[in-house]
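Contents: one structure, followed by commentary.
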Amino acid sequence: MKKDRQEKMLRHRKKFKAVAEILDKEFPPEEYKRGICHSIWARKKQLLWELYGIDWKSPAELNPTTRFD
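First residue of the sequence shown: 1148, per my numbering; consecutive thereafter.
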């Protein structure tokens, strides 16, 4: 499965970690339900762009023939 290369860049490591912390607060793991990954990825994309100008691609965007739930 393809992942966005930017996630592995050392210069972005702290940025992705900061966004992950925000997402953990907005989407507590104990409240996860089927299909929530799409909401999380949409919010992650929005935060990365608004806070850091990073145009991140979600797993769904990079793997269009794969179904996620």
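Note that CB positions come from ideal geometry on N, CA and C, so glycine has one too. Since this is a predicted model, take the numbers as computed values, not measurements.
Query raised in the report: Is LYS1192 helix, strand or coil when you go by DSSP?
Result: helix
Query raised in the report: How many angstroms separate the CA atom of HIS1159 from the CA atom of ARG1190?
Result: 17 Å
Query raised in the report: Below 8 Å, can you find three or more Cβ-Cβ pairs linking the region 1155 to 1169 to the region 1177 to 1185?
Result: no
Report task. Alpha carbon to alpha carbon, how far is LYS1150 from LYS1164? Give it in angstroms, no decimals. Result -> 16 Å
Query raised in the report: Do you know how far the Cα of ARG1152 is from the Cα of PRO1206?
Result: 11 Å
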